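Number of protein chains: 2
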Amino acid sequence: MTQIPLTEPADARPSESTTRGATVWLTGLPSAGKTTLARAVGVRLERAGRRVEVLDGDDLRGHLTSDLGFTREDRDTNVSRVGYVARLLARNGVVVLVPVIAPYAEARDRVRAEHEADGADFVQIHVATSLDVCAERDVKGLYAKQRAGELHGLTGVDDPYEIPERPDLRLDTAGRSVDESAAHVLALLRERGVA
Amino acid sequence: MTQIPLTEPADARPSESTTRGATVWLTGLPSAGKTTLARAVGVRLERAGRRVEVLDGDDLRGHLTSDLGFTREDRDTNVSRVGYVARLLARNGVVVLVPVIAPYAEARDRVRAEHEADGADFVQIHVATSLDVCAERDVKGLYAKQRAGELHGLTGVDDPYEIPERPDLRLDTAGRSVDESAAHVLALLRERGVA
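One line per chain: the protein sequences are U and F, in this order.
Each residue of the first sequence is one higher than the last, beginning at 339 in the working numbering.
Each residue of the second sequence is one higher than the last, beginning at 339 in the working numbering.
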C-alpha cells in the first residue's frame, strides 16, 4: 500500500486536503457503552459536516475479520487489521470512531505508533464503565452466558482486559446520559483540532 | 461497520463531502503493468488535488492479508478484503487505485456489486498485456521460477485468469508509454466525473 507523495505545495490543493482526520479508539469491556458513544459522537460530527466512519467490531467480523476467533493472537490480529483500515481513512480526512474492545495494551500501542509514524492523529478513549455495571447492562447477553457456562473467554471476566494506563480520556458512562458522554469526547476532539 | 446517515441537507456540508471518490480496479496478469499504471494515474490525480490511495496487493499482504495464500478461496478472500477497504475509502471521497490480479470474475463482480449497493463508483480496467509480453518483462521473476519448477499456481500459466468480459476499459500496455496508458485511464475517469 503506497501513498503517493505530494507533488504540489499544500496551498495549491483544495480544502478537502486540509481537513484533519483522526482515529478515535474507544476501548473497554463488553457493554461498557463503546458503540452507543461512538455512534452519538459520529452523528454530531456528521452534523458539523465531517466525514465519519464507525468501525464496529461486531460488524467488521462479517467482513474483514470473519476468519478470526478470540484467542489472544486473533484478538491482536483483529486490532491490527481494524487499526490499519482506520489509519487509511484517518489520513484521508475521515474521523474514524472505533468501538472495539482491544483488550491488550501492546496491540493498542502498536496501532497508536503506526498512526504517529504515518502522521495520522490517534485518540484513545477508555470507556471505563465498571464490570458490575457492564454485567448488569449485558446488552448482548454475554455475561449471562458466561455465568451459565455456555461461553468461555469473556473479556474482563475469564479473559484479560488490560486497563489503559494513559488514555487521552477516561470516561465512566454509568450515571451519565449519552449526550453528556458524547459532549466530553467532542470537547477533547475540539481541543485536538479534530472537531 | 456503520455509516451514520446524513442528518443535514447536502448543501449545509463543506466541499469535502461533495468530492466524488471511486475505486479503480486494475486487473491483469503478473507483470501486466498494473502497479506502474496505478502509480502513474495516482500521481496525476494528486497533482490535480485529489485524495488518492494505491492499494497494492503485495504491500497489503504485509498488513491486511498476511494470513492468505494462493488457493482460489484465499485469492477470493484477498479480493473481498481489499474491495471492502477500497469501498470505505471511495465512499469518503478518495480515489482508490487497486492494482490487484483478482483472477476470478465472481469475486470481481461481487466487489462491484457491493460498491453499487453502497452508492460508490467502481471502475474496472483490464490491463490486457499479453502473456508473452508479461513473461518477457517478468518484473518479479515469477515466470522464470514457474518454468524452473520452483513455483506452482502462477496466474495465467498454471493457475486460472478469467478475462473480464465487459471491463470499463481494456488496455494493452505493450508498445505504449506509461504516460500514454495513464492518459487513457484519466480520460475514462474524467468521463465518469471522477477526475
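Don't be surprised by glycine CBs; every beta carbon is placed ideally from N, CA and C.
Bear in mind the structure is a predicted one, so any value in this text is a computation, not a measurement.
Integer Cβ distance of residue i from residue j, believed to fall under 8 Å
i      : j      : result
F:V465 : F:W363 : Contact doesn't hold; Cβ gap of about 10 Å is too wide.
F:G431 : F:T357 : 4 Å
U:A520 : U:L527 : No, U:A520 and U:L527 are not in contact; Cβ-Cβ is about 10 Å, not under 8 Å.
F:D405 : U:D405 : 7 Å
F:G487 : F:E452 : The Cβ separation is near 39 Å, so there is no contact.
8 Å Cβ cutoff met for residue i and residue j
i      : j      : result
U:V434 : U:A443 : no
F:D470 : F:R530 : no
F:T361 : F:A424 : yes
U:V392 : U:R377 : yes
U:R448 : U:S418 : yes
F:T511 : F:T467 : yes
U:V379 : U:V495 : no
F:L375 : F:V516 : yes
Cutoff 6 Å; reference residue i; Cβ partners in own chain excluding five residues on either side
i      : result
U:D506 : V461 and Q462
F:G513 : none
U:R475 : S369
F:R446 : A440
F:E518 : none
U:R508 : H464 and A466
U:R450 : F460
U:A525 : none
Beta-carbon contacts of residue i that lie in its chain and below 7 Å, excluding the five residues immediately before and after
i      : result
F:T373 : D394 and P437
F:F408 : G491
U:I477 : In the sequence as presented, Ile is not what sits at residue 477 of chain U; that position holds Val. Excluding residues within five positions, the ones whose Cβ falls inside 7 Å are S369.
U:R504 : none
U:A473 : Y481
Cut-off 8 Å between Cβ atoms - residues of its own chain near residue i, not counting five sequence neighbours on either side
i      : result
U:D456 : R425 and R429
F:L489 : L480 and K483
F:P502 : T365, A443, R446, Q462, H464 and R508
F:E454 : F460
(message) Within 8 Å, do at least three Cβ pairs link the region 398 to 408 of chain F to the region 375 to 385 of chain U?
(response) no
(request) Give, in chain order, every unbroken run of the alpha helix (DSSP H) that is at least 4 residues long and sits entirely within the region 443 to 492 of chain F. (result) 443 to 455, 469 to 475 and 480 to 485
(request) Tell me the start and end of each unbroken beta strand (DSSP E) in the region 496 to 527 of chain U that is at least 3 residues and wholly inside, in chain order. (result) 507 to 509
(message) My parser needs the beta strand (DSSP E) runs of 3 or more residues fully inside the region 348 to 430 of chain U; what are they?
(response) 360 to 365 and 390 to 392
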